[in-house]
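Trainee: Counted from 1, the sequence shown has number 429 at position 429 by UniProt numbering; the numbering is strictly sequential. Dumping the structure here so I can ask a few things about it.
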Amino acid sequence: MNLDLAPSPADDRVERDSAWRKRKQLFAPRKKIFPKRVKGCFRRFKSIVMLITLGIYYVSPWIRWHRGPYAPDQAILVDLSSRRFFFFSVEIWPQEFYYVAGLLLMAGFGLFLMTSALGRAWCGYACPQTVWADLFLFVEHAIEGDRNARIKLDTAPWTLGKGVKRVAKHSVWLLISAATGGAWIFYFADARSLASTLFKGEAPAIAYSTVAVITSATYILGGLMREQVCTFMCPWPRIQGAMLDEKSLVVTYNDWRGEPRSRHAKKIQASDRLVGDCVDCNACVAVCPTGIDIRDGQQMECITCALCIDACNGVMDRLGKPRGLVSHETLRDYTSNKSLATDGGKKVIQPNLIRNADGCFVQGVRHFNCWAIFRPRVLFYAAIWSTIGMAMLVQLALRERLALNVVHDRNPQYVLESDGSVRNGYTLRVLNMLPIPRKIDIRLEGLDGAMMKIPQLSAAEGRHFSVQAEPDAATALKVFVTRQTEDRTVREFQFVIADVKHSGQATYHAAFNTPGAPK
């Protein structure tokens, strides 16, 4: 009798190991990218944006703005100790946090607006990751040379020269990162005094730990990881598709005029064969900071920096061909031109269908039109963005710089005096939001026959008092209101404060509790 024996556990393990080795890898090692420096209008614009943004970041904490003797003279300051935010002549108090919310809304709709109109232009020019990575690439290019020199240096064995260049590069990167971390903490304290204590080793521990964290993040993200942050860590590439439509401008390889490619166009043309404008020089790939080939179509890694346009335009100029093989195009225009070059999709791309005998494009070819940007979606985002901005400006212009907060005593809610009168206690906080001392008039309105007493100011009772409010501070006062009454209901009245010399008034509606009043 023959019995089918089950495979042993050892045989199962061998089969599983064999299957695992045959299975396709779930990840691939990073391929180093060595972007080539390029000249052109987009490269100049990118450099200008980098200089402006970095200049604003590093210089802003050192700008002085005189606000008088009672306020800090740093133009931009997040004063955590007094819970204030100073931006030149604007001062934001904690209760005015809605201005910060408004700025966040403007930033969000501004990003939607830019993406709908120009694709990922924010990522390509103004994103902090892009700006610092571009700065680090500039340092790398200055020390190690252009693309070919860096590739050769990377594959070369370690020598003294290679070691010196690598140490110099990373040292400059670390200095830039440390300056970035140092500049960050200068926004949260007086930059001059903090810088002095920082270098003397007398600054708080939180300052040094913050500098260390920002320095490490800048060095790792901007210097070591670079394009990996945009490709794998940033969520925006995965969201931007919802912001684009057929009229959004994106960097596009116009294969309808570039195909078929050829590196020997003159020889092929001599044999009466048709070729496109692309000479397969890979210049667009060499300059891309994320290492993609724009000729493969729209890709998530593309940050719309348009450096490939500069590179391709330079090649076209040398070949005597019109610019725009790689350009900003809308999907609508690209589709129309592609249909024209393929005879409505019936053929492969035919260069003779889009050019006349003299080599010029035929009349039906669509070209870039800046008016394509102005469409309902873009105008909608622009309207929302502008409305929020105008509302904040109007609120800033009309906001009152004098405020009053009142808290009724909870225990006891009232006191019955020996003469039959009823006394209620309140805590008043007079907020003087100007950096100057102000004489504030406090008065009682309503509640006939009631008198108030402020022990901090006077032992006498009255319905009117004056207090000197400290500059840019809240002045707390204990106030007692007394009234002879047989009325057992809750009565409302008003505390009113007003600036004696300047315009400004605030009113608070308070309640006067009596025995037997409904709760």
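All C-beta atoms, glycine included, are put in the ideal place defined by N, C-alpha and C.
Helix, strand or coil: how does DSSP classify THR197 here?
Mentor: In the structure shown, THR197 sits in a helix (DSSP, three-state: H, G or I).
Trainee: DSSP on TYR187, reduced to helix/strand/coil?
Mentor: Correct three-state label for TYR187: helix.
Trainee: Nearest by alpha-carbon distance to residue 520: which of LYS169, THR180, ALA306 and ALA203 is it?
Mentor: What the structure shows of the chain is the stretch from 1 to 519, and residue 520 is not part of that stretch, so it cannot be assessed.
Trainee: For the alpha helix (DSSP H) containing ASN424, name the first residue and the last one.
Mentor: Counting along the chain, ASN424 falls outside any alpha helix (DSSP H), though it belongs to the beta strand (DSSP E) covering 422-432.
Trainee: Looking at the structure shown, is GLY222 part of a helix, part of a strand, or coil, going by DSSP?
Mentor: Residue state, collapsed to three classes: helix.
Trainee: For the structure I just gave you, are there three or more beta carbon pairs, one from the segment 127-136 and one from the segment 225-243, closer than 8 Å?
Mentor: Enough Cβ pairs lie closer than 8 Å, so yes.
Trainee: For LEU416, which residues of its own chain have a beta-carbon under 7 Å away from its beta-carbon, when the five flanking residues on both sides are left out?
Mentor: Cβ within range, chain order: VAL422 and PRO515.
Trainee: Just to confirm, are GLU486 and GLY446 a CB contact at a threshold of 8 Å?
Mentor: No.
Trainee: DSSP three-state label for PHE109, please.
Mentor: PHE109: helix per DSSP, three-state reduction.
Trainee: Check ARG64 in the structure and name its three-state DSSP category.
Mentor: In the structure shown, ARG64 sits in a strand (DSSP, three-state: E or B).
Trainee: Consult DSSP for GLY344 and reduce its assignment to one of helix, strand or coil.
Mentor: Coil at GLY344, not helix or strand.
Trainee: Could you round the C-beta distance between PHE495 and ALA510 to whole angstroms and report it? I think they count as a contact, below 8 Å.
Mentor: Correct: roughly 6 Å between the Cβ atoms.
Trainee: Which two residues bound the contiguous beta strand (DSSP E) that contains ASP79?
Mentor: From DSSP, the beta strand (DSSP E) with ASP79 extends over 76-79.
Trainee: Who are the near neighbours of CYS382 in its chain, counting only those whose CB is closer than 7 Å to its CB and skipping five residues on each side?
Mentor: One point to set straight first is that residue 382 is Ala, not Cys, in the sequence displayed. Cβ neighbours of ALA382 beyond the five flanking positions: LEU113.
Trainee: Could you tell me which residues DSSP puts in a beta bridge with LEU54?
Mentor: Beta-bridge pairing links LEU54 to no other residue.
Trainee: So, are the CB atoms of ILE440 and ASP499 less than 8 Å apart?
Mentor: Cβ atoms of ILE440 and ASP499: closer than 8 Å.
Trainee: Starting from SER327, trace the beta strand (DSSP E) both ways and give me its first and last residue.
Mentor: Element bounds for SER327: 326-329.
Trainee: Please state the DSSP three-state secondary structure of ASN405.
Mentor: In the structure shown, ASN405 sits in a strand (DSSP, three-state: E or B).
Trainee: Might you give, ordered along the chain, the residues of its own chain that have their beta carbon closer than 6 Å to the beta carbon of ARG64, omitting 5 neighbours on each side?
Mentor: Closer than 6 Å at the Cβ level, and outside the excluded window around ARG64, lie ASP73.
Trainee: What's the C-alpha gap between PHE85 and GLY314?
Mentor: The straight-line gap from Cα to Cα measures roughly 48 Å.
Trainee: Which whole-angstrom value is the C-beta distance of MET287 and VAL49, which I expect to be below 8 Å?
Mentor: In the sequence as displayed, the identity of residue 287 is Val instead of Met. In fact, because the Cβ distance is near 17 Å, the residues do not count as touching under 8 Å.
Trainee: Could you give the first and the last residue of the continuous alpha helix (DSSP H) run that contains GLN395?
Mentor: Run containing GLN395: 376-398, per the alpha helix (DSSP H) assignment.
Trainee: According to DSSP, is GLU96 part of a helix, a strand, or is it coil?
Mentor: Looking at GLU96 - three-state DSSP - the assignment turns out to be helix.
Trainee: Decide if ASN282 is buried, meaning its Cβ has at least 16 other Cβ atoms within 10 Å, or exposed.
Mentor: Exposed, by the Cβ-count rule.
Trainee: Just the Cα atoms here: how many angstroms apart are ALA459 and MET452?
Mentor: Looking at the two C-alpha atoms, the distance is approximately 10 Å.
Trainee: Excluding five sequence neighbours on each side, which residues of the same chain lie with their C-beta closer than 7 Å to the C-beta of GLN468?
Mentor: Cβ neighbours of GLN468 beyond the five flanking positions: PRO437 and LYS439.
Trainee: How many Å lie between ASN337 and ALA311 at the Cα?
Mentor: Roughly 23 Å separates the two Cα atoms.
Trainee: Who are PHE85's beta bridge partners in DSSP?
Mentor: The partner list for PHE85 (beta bridge, DSSP) reads VAL78 and ILE92.
Trainee: Starting from ILE231 and walking both ways along the beta strand (DSSP E), at which residues does that stretch end?
Mentor: It is Thr, not Ile, that sits at residue 231 in the sequence shown. Where THR231 is concerned, there is no enclosing beta strand (DSSP E), given that its DSSP letter is neither H nor E.
Trainee: Name the residue from ALA205, PHE374, ILE185 and LEU249 whose alpha carbon lies nearest to the alpha carbon of TYR334.
Mentor: Nearest option by C-alpha distance: LEU249.
Trainee: Per the DSSP calculation, ASP441 is bridged to which residue(s)?
Mentor: For ASP441, which the question treats as bridged, DSSP gives the partners SER466 and ALA498.
Trainee: What's the gap between the Cα of ASP79 and the Cα of GLU96?
Mentor: Roughly 15 Å between the two C-alpha positions.
Trainee: Which class does ALA178 belong to by DSSP, given the choice of helix, strand or coil?
Mentor: Correct three-state label for ALA178: helix.
Trainee: THR507 bridges to which residues according to DSSP?
Mentor: Paired residues: VAL496.
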